[in-house]
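Written below as structure tokens is the structure these notes are about.
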Amino acid sequence: MNEMSSEEGYFTADGRKIGGVLMEMKNITLRFGGVKAITDISFDIREGEIRAIIGPNGAGKSSMLNVISGFYIPQEGEVWYKGAPRPQMKPYEVAQQGIARTFQNIALFEGMTVLDNVMTGRLNHMKTGLFAQALWKGKAEAEEVANREVAEKVIDFLEIQHIRKTPVARLPYGLKKRVELARALAVQPSLLLLDEPMAGMNVEEKEDMSRFILDVNDEFGTTIALIEHDMGVVMDLSDRVVVMDYGKKIGDGTPDEVRNNQDVIDAYLGVAHD
Amino acid sequence: MSAAFLNTLEVMANGLMAGVLYALVALGFVLIYKASGIFNYAQGVMALFAALTLVGIMEGQVPFSHLINAVLGTDVHHFGWHLPALVGIVLTIAIMVLFAWFVQQVIFKHLVGQEPIILFMATIGLAYFMEGFGDMMWGSDIKTLNVGLPQGGSFAIEDITRTWAAEGERYYGMYIDNLDMIATMVAAVLVGALVLFSQYTKQGRAMRAVADDHQAALSVGINLNFIWVLVWSLAGFVALVAGIMWGAKSGVQFSLSLIALKALPVLMLGGFTSIPGAIVGGLIIGVGEKLFEFWIGPLVGGATENWFAYVLALLFLVFRPQGLFGEKIIERV
Numbered sequence: 703m704n705e706m707s708s709e710e711g712y713f714t715a716d717g718r719k720i721g722g723v724l725m726e727m728k729n730i731t732l733r734f735g736g737v738k739a740i741t742d743i744s745f746d747i748r749e750g751e752i753r754a755i756i757g758p759n760g761a762g763k764s765s766m767l768n769v770i771s772g773f774y775i776p777q778e779g780e781v782w783y784k785g786a787p788r789p790q791m792k793p794y795e796v797a798q799q800g801i802a803r804t805f806q807n808i809a810l811f812e813g814m815t816v817l818d819n820v821m822t823g824r825l826n827h828m829k830t831g832l833f834a835q836a837l838w839k840g841k842a843e844a845e846e847v848a849n850r851e852v853a854e855k856v857i858d859f860l861e862i863q864h865i866r867k868t869p870v871a872r873l874p875y876g877l878k879k880r881v882e883l884a885r886a887l888a889v890q891p892s893l894l895l896l897d898e899p900m901a902g903m904n905v906e907e908k909e910d911m912s913r914f915i916l917d918v919n920d921e922f923g924t925t926i927a928l929i930e931h932d933m934g935v936v937m938d939l940s941d942r943v944v945v946m947d948y949g950k951k952i953g954d955g956t957p958d959e960v961r962n963n964q965d966v967i968d969a970y971l972g973v974a975h976d
Numbered sequence: 002m003s004a005a006f007l008n009t010l011e012v013m014a015n016g017l018m019a020g021v022l023y024a025l026v027a028l029g030f031v032l033i034y035k036a037s038g039i040f041n042y043a044q045g046v047m048a049l050f051a052a053l054t055l056v057g058i059m060e061g062q063v064p065f066s067h068l069i070n071a072v073l074g075t076d077v078h079h080f081g082w083h084l085p086a087l088v089g090i091v092l093t094i095a096i097m098v099l100f101a102w103f104v105q106q107v108i109f110k111h112l113v114g115q116e117p118i119i120l121f122m123a124t125i126g127l128a129y130f131m132e133g134f135g136d137m138m139w140g141s142d143i144k145t146l147n148v149g150l151p152q153g154g155s156f157a158i159e160d161i162t163r164t165w166a167a168e169g170e171r172y173y174g175m176y177i178d179n180l181d182m183i184a185t186m187v188a189a190v191l192v193g194a195l196v197l198f199s200q201y202t203k204q205g206r207a208m209r210a211v212a213d214d215h216q217a218a219l220s221v222g223i224n225l226n227f228i229w230v231l232v233w234s235l236a237g238f239v240a241l242v243a244g245i246m247w248g249a250k251s252g253v254q255f256s257l258s259l260i261a262l263k264a265l266p267v268l269m270l271g272g273f274t275s276i277p278g279a280i281v282g283g284l285i286i287g288v289g290e291k292l293f294e295f296w297i298g299p300l301v302g303g304a305t306e307n308w309f310a311y312v313l314a315l316l317f318l319v320f321r322p323q324g325l326f327g328e329k330i331i332e333r334v
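Residue numbers (the working numbering), protein chains in the order written: chain A, 703 to 976; chain B, 2 to 334.
Right, here's the structure in full:
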């Protein structure tokens, strides 16, 4: 993997071209009071790749994702995005920069329909004025139609057409996860963050979700960073893996490299339960 | 048509229009409750404060004049101008927006994620603060609010309805208040605008999103603070409209803040989260209490209007706690 260090990126085993660095975490340290959740971690995410962050429970994976998406602000270190250091930002500002995310415990607008949920992903793509929108005329109408097309395309892609008009509160868990992914995709993000996309799913649902993640990356070229503790799934999905344990980085590389890393085996695979 | 039937019609018409005014107050509650889960006890005081400010600005009153005079030993009371109603309304809206921003930054920004009861207590504090602040700023005397709305009954309607009565009936036409009719039209326009706003604009969508889930709203790039300031501004604007209508009817006085209590049964009926619910709830209570007073009142000695709405609300609480239009309370077991 020596080509990984070059600015031009690298080719994956299945022949996909991975681009330059999209996001880089530099020496991130995050503390909650006296507790260190993340200690001096650095890694990068390249354009077009599927990057996984794995580790046992309490390793600091979710904290890391929350740093990337602006929900937590690290005490030390810098987040570089698109070649420049990112100033301190609120989560909504990070989202406006094209970083979309899903949540481990699902955060959907339960009272809205699936379509409305997905449409909220388009909010930052709406530019026309207030009055034009209220009266739905001219440019505003064209814009609404364009945004609606993006939303419908995503809905088609994730095969949730049949529940378009269903209020989200009525959906089963697995479908909710998919709707959340749809909303994040509707943003047309530069970087998509998935927090345990397979948590709580049965085998069939996990396979579906894996397929969708691969398809999204393949079809739209979306860069994806995901957290997961199901090792099998991660190894099949991702191009490169960061392994965390007790807030520290203990491994970083291709799935094969990580699998053969002694530290990783000790910390993580050693206690794997299946 | 018989005179008795026409009388009933008249009572209903007046009930509908009273209901619109209740609905106007209730609407302010719904807006804030929907978007932030805060039951805003201060909504009635906001209407009072808005009306006081409007009168003060139009009449060129010097704000805090008593305080200034007491501290500096001066004797200023008036700037000596009279502004047209429109200018006064625009300036008052600006002040209500400023107020919304202040409330969000100073109070509710620091209470995000707190228990509903804590948020509610905060609004009680806010209500008393505003009442005192309004008193200090504009004085506590009763003021007349004249924004050029017509007063008194409508002669046109009286003349038309007089001809509806059957031959030989002694009927003198309906008494419909001009101000009530205008209030009804204004409320209809306001509700239409609010519905368009919340259904079709970016900010409206964002508002509904924030109401539903904060985290999810953040993740799609919605600025929560901005939305809350927006919602409080809208509630301030609705309060101003309600303040104008009630103020023009019965003068701007501190009992105006008690109209909030009239909005409570409306909310119980309509549901706390539904804009159409607030309207329909207001109308039902308006018509209900007038008809009840008209039919049953004489049998029980009258004054039923004081309690009818609350008893109705109580019945709803027992049999349909989410109101007519409120979101269903679904609990998964």
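Positions of the beta carbon are idealized from the N, C-alpha and C atoms, including for glycine.
- Using a Cβ-Cβ cut-off of 8 Å, Phe805 of chain A is close to Gln216, Ala217, Ser220 of chain B, given in chain order.
- Assignment of Asn904 of chain A by DSSP, reduced to helix, strand and coil, places it in the coil class.
- Beta bridge pairing from DSSP links Leu894 of chain A with A:Ala802, A:Ile926.
- Contact annotation: in the region 277 to 303 of chain B, no residue has its CB less than 8 Å from a CB in chain A.
- With the rule of 3 Cβ pairs closer than 8 Å, the region 218 to 234 of chain B counts as touching the region 31 to 44 of chain B.
- The three-state secondary structure of Lys950 of chain A, taken from DSSP, is strand.
- The Cβ-Cβ distance between Arg885 of chain A and Val820 of chain A falls below 8 Å.
- Within 8 Å of the CB of Glu812 of chain A, the CB atoms of chain B belong to Asp213, Asp214, in sequence order along the chain.
- Taken atom to atom, the span from the alpha-carbon of Ile161 of chain B to that of Leu7 of chain B is near 12 Å.
- At a cut-off of 8 Å, the C-beta of Pro793 of chain A has a neighbouring C-beta in chain B.
- Using a C-beta cut-off of 8 Å, the region 746 to 763 of chain A makes no contact with the region 787 to 796 of chain A, since fewer than three inter-stretch Cβ pairs fall below that distance.
- Taking CB atoms only, Ala264 of chain B has no neighbour in chain A less than 8 Å away.
- Excluding sequence positions up to five before and after Ala157 of chain B, its CB lies less than 6 Å from no other CB in the same chain.
- DSSP, read as helix, strand or coil, puts Lys841 of chain A in helix.
- Here the region 726 to 737 of chain A makes no contact with the region 892 to 909 of chain A; the two share fewer than three CB pairs at distances below 8 Å.
- Around the C-beta of Glu930 of chain A, 16 or more other C-beta atoms lie within 10 Å, and the residue is accordingly described as buried.
- Nearest to Leu316 of chain B by C-alpha distance, out of B:Asp178, B:Leu259, B:Leu270, B:Leu17, is B:Leu270.
- For Ala19 of chain B, same chain residues with a beta-carbon under 6 Å away, outside a window of 5 residues either side, are Gly287 in chain order.
- For the region 198 to 211 of chain B, the beta-carbon criterion of a distance under 9 Å to any beta-carbon of chain A is satisfied by Phe198, Gln200, Tyr201, Thr202, Lys203, Gln204, Gly205, Arg206, Ala207, Arg209, Ala210.
- Take Glu882 of chain A, set aside five residues on each side of it, and the residues of its chain with a beta-carbon closer than 6 Å to its own are Thr804, Ile808, Leu810, in chain order.
- Per DSSP, the continuous beta strand (DSSP E) segment holding Ser744 of chain A begins and ends at 737 to 748.
- For Ile286 of chain B, there is no enclosing beta strand (DSSP E); the enclosing alpha helix (DSSP H) has its first and last residue at 276 to 296.
- Taking 8 Å as the threshold, the shortest C-beta distance from Ile33 of chain B to chain A does not fall below it.
- For Asn826 of chain A, the closest Cβ of chain B is nearer than 8 Å.
- Taking 4 residues as the minimum length, the alpha helix (DSSP H) runs contained wholly in the region 75 to 158 of chain B are 86 to 107, 117 to 139, in order along the chain.
- At a Cβ-Cβ threshold of 8 Å, Phe30 of chain B and Asn41 of chain B count as neighbours.
- For Lys728 of chain A, the enclosing beta strand (DSSP E) covers residues 723 to 734.
- Scanning its chain for C-beta atoms nearer than 7 Å, with the 5 sequence neighbours on each side dropped, one finds around Leu860 of chain A the residues Arg880, Leu883, Ala884, Phe914, in chain order.
- Bounds of any beta strand (DSSP E) do not take in Val63 of chain B, whose DSSP letter is neither H nor E.
- Residues of the region 220 to 247 of chain B with a Cβ closer than 8 Å to any Cβ of chain A, in chain order: Ser220, Val221, Gly222, Ile223, Asn224, Leu225.
- In the three-state scheme derived from DSSP, where H, G and I count as helix and E and B as strand, Arg788 of chain A is classed as coil.
- Within the region 182 to 264 of chain B, there are no complete beta strand (DSSP E) runs of at least 3 residues.
- Between the beta-carbon of Val870 of chain A and that of Lys878 of chain A there is about 6 Å, and that keeps the pair under the 8 Å contact cut.
- Taking 8 Å as the upper bound for CB-CB distance, Asp932 of chain A and Gly757 of chain A are not in contact here, some 12 Å apart.
- DSSP, reduced to helix, strand and coil, places Val881 of chain A within a helical segment of the structure shown.
- Nearest C-alpha to Glu812 of chain A among B:Ile260, B:Gly126, B:Ala210: B:Ala210.
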